[in-house]
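Report on the structure given below.
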Amino acid sequence: MKRIKALIACMLLMAVTILPLAGCGAEDSDTIVLRISNWEEYIDEGGWTEEDAIELEDGTVIQPEKSIAEEFEQWYFEKFGQKVKVEYSTFGTNEELYNQMTLGDQYDLVCPSEYMIMKLMTEGYIQPFSQEFMDTSNPDNYYVNGVSPYIRSVFDDLKINGQALSNCAAGYMWGTLGIVYNPDEVTEEEAAHWNLLSSDKFRKQITIKDSVRDAFFAGISILNENQISSSAFTNAADYRDRLSSTLNDTSKETVDAVGDILSGIKDNVYSFETDSGKADMATGKVVANMQWSGDAVYTLNEAEADDLYLCYSAPEESVNLWFDGWCMMKNGIQGDEKKQQAAESFVNYVSMPENAIRNMYYIGYTSVISGGESDQILQYADYCYGADEAEAEEAREKLVEYPLDYFFLGRKNSETGEYTIMTTEDQTRRQLFAQYPTEDVINRSVVMAYFNKEGNERINQMWTDVRCFDLNKVFGF
136 MKRIKALIAC MLLMAVTILP LAGCGAEDSD TIVLRISNWE EYIDEGGWTE EDAIELEDGT
196 VIQPEKSIAE EFEQWYFEKF GQKVKVEYST FGTNEELYNQ MTLGDQYDLV CPSEYMIMKL
256 MTEGYIQPFS QEFMDTSNPD NYYVNGVSPY IRSVFDDLKI NGQALSNCAA GYMWGTLGIV
316 YNPDEVTEEE AAHWNLLSSD KFRKQITIKD SVRDAFFAGI SILNENQISS SAFTNAADYR
376 DRLSSTLNDT SKETVDAVGD ILSGIKDNVY SFETDSGKAD MATGKVVANM QWSGDAVYTL
436 NEAEADDLYL CYSAPEESVN LWFDGWCMMK NGIQGDEKKQ QAAESFVNYV SMPENAIRNM
496 YYIGYTSVIS GGESDQILQY ADYCYGADEA EAEEAREKLV EYPLDYFFLG RKNSETGEYT
556 IMTTEDQTRR QLFAQYPTED VINRSVVMAY FNKEGNERIN QMWTDVRCFD LNKVFGF
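Numbering (this note's numbering), first residue to last: 136 to 612.
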């Protein structure tokens, strides 16, 4: 009997112990776990000091204590009465993200670049956004109500299998691929052409991105420089379509010719680099560097701290327009409406003007958000780069108008003058120009397409030959 009583007592004790755990488990099951993967150092982590604080013209002070992810969790619970836990991870390249997913890692929301978005769409990985997310009558839909009309038009025009990117991706950051240069060593005219990369005058004084797509764009622009710069080409009614077609050509003849150009560039430049180009420019180690616009802003800021004033160029022949965007993954969402709502809400949360500003401040890149009815994004641009006559005189620069109507209102309304920043003349070649290119740059910009299997194999083999060596040539195959 003692053993039986002891056993009963033990069972009762176990029941008392287990019941609270079961209750805790029930609470955990009510929490939405949102798995997000983004680029490294590509979202604000909070912890701003008073020195970091931004005070806009309307009196808004931005000085967050918590990270975007932590604040979103709290905001979502207050908004929907539903707990959400963000499991946030990062990747270093688009290919790394793709490999993680193909090896079995599951994400609900990812932020790849334009060509990877197109690849994921082609292969059926992406869960399209809901009609609720696209509803402009809902004031909580900060993305569709606040995305730049220009960026939205780019997403609408890009289609995969008849489906527009705007149905499957929400923009995050955008910019151009150009050239950072030292104006004391390189003239503005020299920096205005991609063939600077092959100039004997600057042998071993320039760096280029160690990236097949970026290098290919520069090479194919050099290959077609005369054609795409001719008045007959630029004045054609279908100029933009022809430019895109020319610079996305992956035929064997074109790829072979680009390979020859890049082989010559390889022999001429100081190095191919992934991240060292910023420091090499800021320290004066090299005089020019192919660079993404966001990194260009960082480089110019770092150099300026040491009284080295660098500039940014968007070559006259053509400019690569790039962007990163949020996409929901089918194998993560798996038809779960609550999870999809949480994922779409995260996109809307980072698209709030104040959050777009803090992300721009933290990472140095340019948000796709123009703000809709809010003018805080314009206020922030003016906060960073605006000047008056006294400031221009002190800087010994002219005070000039810098119109941005195309970004805030769309290309068709670009002559209203409603969105114009008064700035110093030097900013037309420096940080402001890198962050918000002028409309003429936008008009000659091209998004690199997602190449088909044959095209990808062709340019990847070409890149291997350029970066290493061509076995066919070595052994005479």
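All C-beta atoms in this analysis are idealised placements derived from N, C-alpha and C, irrespective of residue type, glycine included.
Query, Result
"Touch test, the stretch 422-430 against the stretch 286-297, Cβ-Cβ under 8 Å, three pairs minimum", "no"
"As assigned by DSSP and simplified to three states, the class of D402", "helix"
"Proximal residues to N302 (C-beta, below 7 Å), its chain only, five neighbours per side dropped", "P263 and F264"
"Distance CB(Y278)-CB(G467) smaller than 9 Å", "no"
"Cβ-based neighbour list, T555, same chain, cut-off 6 Å, excluding 5 preceding and 5 following", "E536 and P538"
"Validate contact between the stretch 438-452 and the stretch 568-577 using beta carbons, cut 8 Å, 3 pairs", "yes"
"Inter-residue Cα distance where the pair is L300 and D376", "18 Å"
"Inter-stretch contact at 8 Å, needing at least 3 Cβ pairs: the stretch 206-215 / the stretch 434-447", "no"
"I252 to E526 span [Cα, whole Å]", "43 Å"
"Inter-residue spacing [alpha-carbon to alpha-carbon] between T599 and L397", "11 Å"
"Burial state of D430, where buried means 16 or more other Cβ atoms lie within 10 Å", "buried"
"Inter-residue CB distance, R338 and N403 (contact presumed, cutoff 8 Å)", "5 Å"
"Residue span of the alpha helix (DSSP H) that contains R493, given as start and end", "P488 to I498"
"Endpoints, beta strand (DSSP E) assigned at N455", "V454 to M464"
"Beta bridge counterpart(s) of P538 as assigned by DSSP", "T555"
"Touching by the beta-carbon criterion (3+ pairs, under 8 Å), the stretch 302-322 and the stretch 375-390", "no"
"Given 8 Å, three or more beta-carbon pairs between the stretch 221-233 and the stretch 169-189", "yes"
"Boundaries of the beta strand (DSSP E) in which S448 is found, first to last residue", "C446 to S448"
"Three-state class that DSSP yields for A372 in the structure shown", "coil"
"Bounding residues of the alpha helix (DSSP H) (the contiguous stretch that carries K474)", "E472 to V485"
"Distance, V221 Cα to E205 Cα", "8 Å"
"Own chain partners of E589 with C-beta closer than 6 Å, once the 5 adjacent residues on each side are dropped", "none"
"Residues that DSSP places opposite I357 in a beta bridge", "Answer is none; I357 lacks a bridge partner."
"Expected contact under 8 Å - CB spacing of M583 and F352 to nearest Å", "6 Å"
"Chain-order list of residues whose beta-carbon lies under 7 Å from that of G412 (same chain, five-residue window excluded)", "T342, N424 and Q426"
"Span of the beta strand (DSSP E) around G306", "A305 to Y316"
"Contact under 9 Å by Cβ, Y285 with Y541", "yes"
"Buried versus exposed call for G310 [16 or more other C-beta atoms within 10 Å across all chains shown]", "buried"
"Identity of the residue in G354, F268 and L191 nearest Q616 by Cα", "The question about residue 616 has no answer here: the residues shown for the chain are numbered 136 through 612."
"Nearest candidate by alpha-carbon position, reference A305, set Y497, N455, S486 and M557", "S486"
"Where I261 falls: helix, strand or coil (DSSP)", "strand"
"Unbroken beta strand (DSSP E) run spanning I171, endpoints", "I167 to W174"
"Meets three-Cβ-pair contact criterion under 8 Å: the stretch 350-366 and the stretch 320-329", "yes"
"Cβ-Cβ distance between T558 and Y515 below 9 Å", "no"
"Where the alpha helix (DSSP H) containing K218 begins and where it ends", "Run containing K218: none; DSSP gives neither H nor E here."
"Reference D391; option with closest CA among M308, N578, V219 and V601", "V601"
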